[in-house]
Ligand code: ATP
Ligand code: MG
């Protein structure tokens, strides 16, 4: 199987960790029948400061030709917060209509969770987050701005189209993985928006009677994630709630150094990335943890249909955890590239 992969290393530690993800994929080429054709895209802070361009239309057209994209991180202290994120990351997400944000929360080794007495079997869930609507639609405005009577309105946009497609995806995911499905919302307060979510969840559920489903309010879900994570399998939720609960999930499964995310368009270009940002405080020091980028590469390989190879990469990561071959953030002594090399040595 041959795949064309777009690489967007971005800023800060983005290029450092992505290099290790690519190193691992290159290793995989020698030990499996997978082959990759990589092309790097320069978009990020330097490119923006040099050219004034975030991402050109031609680059977007070009990106559309790839089988998948792998990203490092964007964000740089020299650029106003949000400019690169909105201009590159969100631009790609919206233009390619990557309406699903898939975030596995999977503990790989009990040592690395802050929860007492929880094992990898207990912390193993997937959040399916709506990725293009809700509070991220940034719709609203100011009334009487700058006065003591100011009203700032932030509207939550939920369309039948947007809600039903993410819920349908979540049901399909639950069927394929043979797992239960939980709807996470706040329907007791958000009487319009989450009324629509409730109706879609029930109606679409009629097509998936084999799926065991339940409903948990978002506040109760945060408690459940900490107390009884073993009760959660697949959770479908709105954009903002998904953002928040997946950060909680990232910590439960071992911290930002291990958390991955996929922006998925099931019919088009999907983009895979570590959840962490560009971490300018540690950029250039060679100490960034590359495991999230390596696991993002594994996630991509899995979504491209090579499940066995993805499992091989994950098993190599497990060996690193077991043998404490880790970077400083996880109390190890390896540099970013030494950890990448270790993963590759396991793949031999
Ligand atoms: P964003 O604004 O996108 O969240 P950020 O620059 O705030 O990005 P984060 O990724 O959120 O950075 O990380 C916060 C801190 O966690 C970083 O400043 C860094 O110290 C640490 N950190 C993040 N990722 C890693 C990593 N891969 N390895 C080691 N430390 C990391
Ligand atoms: Mg941050």
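Residue numbers (full-length UniProt numbering): 1 to 348.
Ideal Cβ placement from N, Cα and C applies to all residues, glycine included.
Below 6 angstroms CB to CB, which residues in the same chain sit around residue i once its five sequence neighbours on both sides are set aside?
{"i": "residue 337", "result": "none"}
{"i": "residue 143", "result": "151"}
{"i": "residue 124", "result": "106"}
{"i": "residue 246", "result": "103, 127"}
{"i": "residue 310", "result": "298, 301, 302"}
{"i": "residue 40", "result": "7"}
Taking the alpha helix (DSSP H) that residue i falls in, what are its first and last residues?
{"i": "residue 12", "result": "No alpha helix (DSSP H) holds residue 12; DSSP gives it neither H nor E."}
{"i": "residue 344", "result": "336-347"}
{"i": "residue 246", "result": "239-252"}
{"i": "residue 165", "result": "160-177"}
{"i": "residue 221", "result": "218-227"}
{"i": "residue 204", "result": "193-205"}
Could you tell me which residues DSSP puts in a beta bridge with residue i?
{"i": "residue 98", "result": "DSSP lists no partner for residue 98."}
{"i": "residue 262", "result": "102, 272"}
{"i": "residue 324", "result": "For residue 324, which the question treats as bridged, DSSP gives no partner whatsoever."}
{"i": "residue 35", "result": "2"}
{"i": "residue 213", "result": "181"}
{"i": "residue 153", "result": "141"}
{"i": "residue 303", "result": "Its beta-bridge partners do not exist; DSSP assigns none."}
Does the Cβ of residue i lie closer than 8 angstroms to at least one heavy atom of the ligand ATP?
{"i": "residue 17", "result": "yes"}
{"i": "residue 281", "result": "yes"}
{"i": "residue 316", "result": "no"}
{"i": "residue 5", "result": "no"}
{"i": "residue 332", "result": "no"}
{"i": "residue 256", "result": "yes"}
{"i": "residue 182", "result": "no"}
{"i": "residue 292", "result": "yes"}
{"i": "residue 296", "result": "no"}
{"i": "residue 244", "result": "no"}
{"i": "residue 95", "result": "no"}
{"i": "residue 327", "result": "yes"}
Evaluate residue i with the Cβ neighbour count: other Cβ atoms within 10 Å of its Cβ, from every protein chain shown; 16 or more gives buried, anything less gives exposed.
{"i": "residue 223", "result": "exposed"}
{"i": "residue 11", "result": "buried"}
{"i": "residue 140", "result": "exposed"}
{"i": "residue 146", "result": "exposed"}
{"i": "residue 1", "result": "exposed"}
{"i": "residue 249", "result": "buried"}
{"i": "residue 77", "result": "exposed"}
{"i": "residue 119", "result": "exposed"}
{"i": "residue 290", "result": "buried"}
{"i": "residue 276", "result": "buried"}
{"i": "residue 227", "result": "exposed"}
{"i": "residue 326", "result": "buried"}
Could you name the residues of the same chain whose beta carbon sits closer than 8 angstroms to that of residue i, not counting the 5 residues immediately before and after it, in chain order?
{"i": "residue 331", "result": "324"}
{"i": "residue 279", "result": "12, 13, 73, 288"}
{"i": "residue 85", "result": "74, 75"}
{"i": "residue 182", "result": "213, 214, 215, 216, 221, 232, 233, 234, 235, 236"}
{"i": "residue 304", "result": "1, 3, 67, 68"}
Can you list, in chain order, the residues of its chain with a C-beta nearer than 7 angstroms to that of residue i? Leave out the 5 residues immediately preceding and following it.
{"i": "residue 344", "result": "23, 24, 27"}
{"i": "residue 154", "result": "135, 140"}
{"i": "residue 15", "result": "9, 72"}
Under DSSP, the beta strand (DSSP E) around residue i begins and ends at which residues?
{"i": "residue 142", "result": "134-143"}
{"i": "residue 70", "result": "68-73"}
{"i": "residue 124", "result": "124-130"}
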